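Asks:
2 protein chains.
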Amino acid sequence: MKIEAHEVERRVETFKAAVQEAGLKLTHQRLEVFRELASSADHPDAHGIYDSVKHRLPTVSLDTVYRTLRTLSDLGLINMLGTAGESIRFDANTRKHHHFVCVNCGLVRDFENEELSALQVQEDLVGFGRVLETQIEVRGICNDCRNKS
Amino acid sequence: MKIEAHEVERRVETFKAAVQEAGLKLTHQRLEVFRELASSADHPDAHGIYDSVKHRLPTVSLDTVYRTLRTLSDLGLINMLGTAGESIRFDANTRKHHHFVCVNCGLVRDFENEELSALQVQEDLVGFGRVLETQIEVRGICNDCRNKS
DNA sequence: CTCCTAATTAAGAATCATTCTGATTTAGGG
DNA sequence: CCCTAAATCAGAATGATTCTTAATTAGGAG
Ligand SMILES: [Mn+2]
Ligand SMILES: [Mn+2]
Ligand SMILES: [Zn+2]
Ligand SMILES: [Zn+2]
């Protein structure tokens with residue numbers, strides 16, 4: 001599942017600016033890793049990104065992919081998604097959004113909803129801490145999995 | 001953070017019934033692993049449970065803890081929580097509830113809210129699949145972490 | 001443009017979480 | 001009290017991620 005080209009380019013420009021701003025070097029590896037993730041709506045893991053990037057940079061190492069993804073996460077350019085048992089998955093969509101997760105095959109898809117994103121839950125959490133963000137995870141069975149069973 | 005004794009015993013009774021029902025053996029190991037998790041509000045990982053259970057069953061193996069937790073999850077008696085990069089965490093609270101997660105130290109706490117639990121998101125997800133459940137994750141900074149910084 | 005150097009990378013070793021294997025033990029039915 | 005399938009234990013294996021070290025390179029200075 002691909003992201004539209006102009007959105008990818010917007011993300012890449014943001015990435016380049018952030019790399020400059022942070023005083024980091026703009027390497028082929030960083031550019032290709034980020035572009036690969038920014039082009040995908042699939043929330044891939046490090047190994048999936050590695051496989052794709054290797055088509056364009058055949059000598060790239062898996063370690064560099066991991067290191068780059070961590071760097072990008074530290075810069076706030078991408079997010080890391082927790083999964084129970086599976087490998088970490090990454091997300092270059094930095095807009096406020098939510099996730100549909102297929103409990104059968106692990107597919108993850110974004111959705112946006114103003115009403116949900118506007119939810120206020122602060123009052124319920126007095127005693128735990130300060131709220132930074134609220135995200136909704138919808139679990140279900142994706143259409144592909146449903147058709148197969 | 002402990003769960004009240006009568007709630008723990010209620011959970012243990014449910015566990016015993018489910019183990020019988022499934023035709024599984026009620027071993028010391030299974031009982032102690034379940035009781036340890038059912039007594040905690042901390043959403044511990046397998047190693048944390050192992051360390052605690054070892055006080056009462058000094059010869060228990062880490063493998064048995066992992067195997068037991070997977071069995072309990074298959075029975076629907078506990079849930080596994082995805083975390084980005086850290087080890088899997090477990091939850092014996094099977095009521096519909098949501099989570100506050102400290103982005104600094106990883107603390108996870110339950111909260112319930114009827115309004116949030118009643119959320120209907122189906123209409124937004126036409127095209128992805130069939131919705132089974134909706135859970136909210138609130139990220140923030142817990143009070144302990146806030147006081148330290 | 002060339003040179004320099006600190007930052008970055010590649011490769012493989014190391015580490016950590018989790019699962020598997022095979023021999024031993026045990027729950028619970030008869 | 002036996003028997004046996006199920007469960008456990010210990011340690012090896014696997015898979016994901018990080019670390020170490022030597023080689024490479026981006027980008028600034030001259
Ligand atoms: Mn996303
Ligand atoms: Mn919980
Ligand atoms: Zn699916
Ligand atoms: Zn905290």
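Line by line, the protein sequences give chains W and C. Taken in order, the first sequence gives residues 1 to 149; the numbers are from the numbering used here. Taken in order, the second sequence gives residues 1 to 149; the numbers are from the numbering used here. Think of the CB as a built atom: it goes at the ideal place given N, C-alpha and C, for glycine as much as any other residue. If you're wondering where the values come from, they're calculated on a predicted model, not measured in any experiment.
(1) Should residue 58(W) go down as buried or exposed, given a rule of 16 or more other Cβ atoms within 10 Å for buried?
(2) Closest to residue 99(C) by CA distance: which of 92(C), 22(C) and 112(C) is it?
(3) Compute the Euclidean distance between the alpha carbons of residue 117(C) and residue 139(C), then round it to the nearest angstrom.
(4) Rounded to whole angstroms, what is the Cα-Cα separation between residue 107(C) and residue 83(C)?
(5) Do residue 91(W) and residue 81(W) have their C-beta atoms closer together than 8 Å?
(6) How big is the Cα-Cα spacing for residue 69(W) and residue 79(W)?
(7) So does residue 42(W) have its beta carbon nearer than 7 Å to some heavy atom of ligand 3?
(8) Which one or two residues does DSSP pair with residue 81(W) in a beta bridge?
(9) Do you know offhand how far residue 15(C)'s Cα is from residue 34(C)'s?
(10) Quick check: does the Cβ of residue 141(C) come within less than 7 Å of any heavy atom belonging to ligand 4?
(11) Taking 7 Å as the cut-off, is the C-beta of residue 79(W) nearer than that to any heavy atom in ligand 4?
(12) Are the C-beta atoms of residue 138(W) and some chain C residue less than 8 Å apart?
(13) Which of helix, strand or coil does DSSP assign to residue 40(W)?
(14) Is residue 112(W) helix, strand or coil by DSSP?
(15) I need the boundaries of the alpha helix (DSSP H) containing residue 15(C), first residue and last residue.
(16) Under 7 Å, CB to CB, which of the residues in the stretch 25 to 57 of chain C have a partner in chain W?
(17) How many angstroms separate the CA atom of residue 125(W) from the CA atom of residue 109(W)?
(18) Return the residue from the list 39(W), 129(W) and 136(W) that minimises the CA-CA distance to residue 114(W).
(19) So residue 89(C) packs on residue 44(C), CB below 8 Å; how close in whole Å?
(20) If we define contact as Cβ-Cβ less than 8 Å, is residue 74(W) a contact residue for chain C?
Replies: Answer, in terms of the structure:
(1) Sequence index remark: in the first sequence, residue 58(W) carries index 58 (1-based). Exposed is the call here.
(2) Taking the second sequence and counting its residues from 1, one reaches residue 99(C) at position 99. Among 92(C), 22(C) and 112(C), the Cα nearest to that of residue 99(C) is on 112(C).
(3) Looking up residue 117(C) in the second sequence gives position 117. Looking up residue 139(C) in the second sequence gives position 139. Taking the straight line joining both Cα atoms gives about 17 Å.
(4) The residue given as residue 107(C) occupies position 107 in the second sequence. The residue given as residue 83(C) occupies position 83 in the second sequence. Approximately 11 Å, taken between the alpha carbons.
(5) What you label residue 91(W) is simply residue 91 of the first sequence in a count that begins at 1. What you label residue 81(W) is simply residue 81 of the first sequence in a count that begins at 1. Cβ atoms of residue 91(W) and residue 81(W): closer than 8 Å.
(6) The residue given as residue 69(W) occupies position 69 in the first sequence. The residue given as residue 79(W) occupies position 79 in the first sequence. Straight-line Cα distance between these residues: approximately 9 Å.
(7) Position 42 of the first sequence, counted from the start, is the residue given in the question as residue 42(W). The answer is no for residue 42(W).
(8) In the first sequence, residue 81(W) corresponds to position 81, counting from 1. Per DSSP, 89(W).
(9) Taking the first residue of the second sequence as 1, we reach residue 15(C) at position 15. Taking the first residue of the second sequence as 1, we reach residue 34(C) at position 34. Each residue's alpha carbon lies about 8 Å from the other.
(10) Along the second sequence, one-based indexing puts residue 141(C) at 141. Yes - ligand 4 has a heavy atom lying nearer than 7 Å to the Cβ of residue 141(C).
(11) Numbered from its first residue, the first sequence carries residue 79(W) at position 79. Outside the cutoff, so no.
(12) Here residue 138(W) refers to the residue found at position 138 when the first sequence is read from its first residue. True, the Cβ-Cβ gap to chain C drops below 8 Å.
(13) Here residue 40(W) refers to the residue found at position 40 of the first sequence. Correct three-state label for residue 40(W): strand.
(14) Walking along the first sequence from the start, residue 112(W) turns up at place 112. Here residue 112(W) sits in coil by DSSP.
(15) Working through the second sequence from its first residue, we reach residue 15(C) at position 15. Taken as a continuous stretch (DSSP letters only), the alpha helix (DSSP H) holding residue 15(C) covers 5 to 21.
(16) none
(17) Counting from one through the first sequence, the residue named residue 125(W) turns up at place 125. Counting from one through the first sequence, the residue named residue 109(W) turns up at place 109. Roughly 28 Å separates the two Cα atoms.
(18) Indexing the first sequence from 1 puts residue 114(W) at position 114. Comparing Cα positions, the closest option is 136(W).
(19) Along the second sequence, read from residue 1 onward, the residue named residue 89(C) stands at position 89. Along the second sequence, read from residue 1 onward, the residue named residue 44(C) stands at position 44. Right, the Cβ-Cβ distance comes to about 6 Å (below 8 Å), so this counts as a contact.
(20) By 1-based counting over the first sequence, the position of residue 74(W) is 74. It does not: the Cβ of residue 74(W) has no partner Cβ on chain C nearer than 8 Å.
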